[in-house]
Amino acid sequence: MDNKRDKKNQDEAGSFETVEPIGKRVLIRKDEDKKQTKGGIQLPDNIEIPTITGRIVAVSAEVENNSEIPLRQYDKVLFNPKGAIPVDFEGDNRLFVVEVENVVAVFRKA
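Taken in order, the sequence shown gives residues 1 to 110; the numbers are from my numbering.
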């Protein structure tokens, strides 16, 4: 009996389809790391950049319903990775749950 319950819990835990942030948080897919500058200078693999860009793939209900927070799904943003929580969901470790306070800029078309 316990084996069936354990198998059911493993099946449920291993079959996630989406990640939904909770509270004042968004889910961001980090952009690929730049390997060289626009001028052609090759960057080292271990370079540490204090802020990184990405695209919002999901927003929490609290963020979506708050008109004072100007973040929406698919926005390109600049965020501070120090407060970002990595999500090992797809295996490439490019998804992060980020508090709204750690999103420092949104890129908008003029």
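Don't be surprised by glycine CBs; every beta carbon is placed ideally from N, CA and C.
If you draw a straight line from the Cα of asparagine 65 to the Cα of valine 104, it comes to about 20 angstroms. As DSSP reads the structure, leucine 71 sits in no beta bridge.
One alpha carbon belongs to isoleucine 85, the other to valine 106, and they sit about 19 angstroms apart. Arginine 29 is bridged by DSSP to Arg55 and Leu95. By the neighbour-count criterion, in which a residue is buried when 16 or more other Cβ atoms sit within 10 angstroms of its Cβ, glycine 83 is exposed. Between the C-alpha atoms of glutamate 20 and arginine 108 there is a straight-line separation of about 24 angstroms. The beta carbons of valine 59 and leucine 71 sit about 6 angstroms from each other, so the pair counts as a contact at 8 angstroms.
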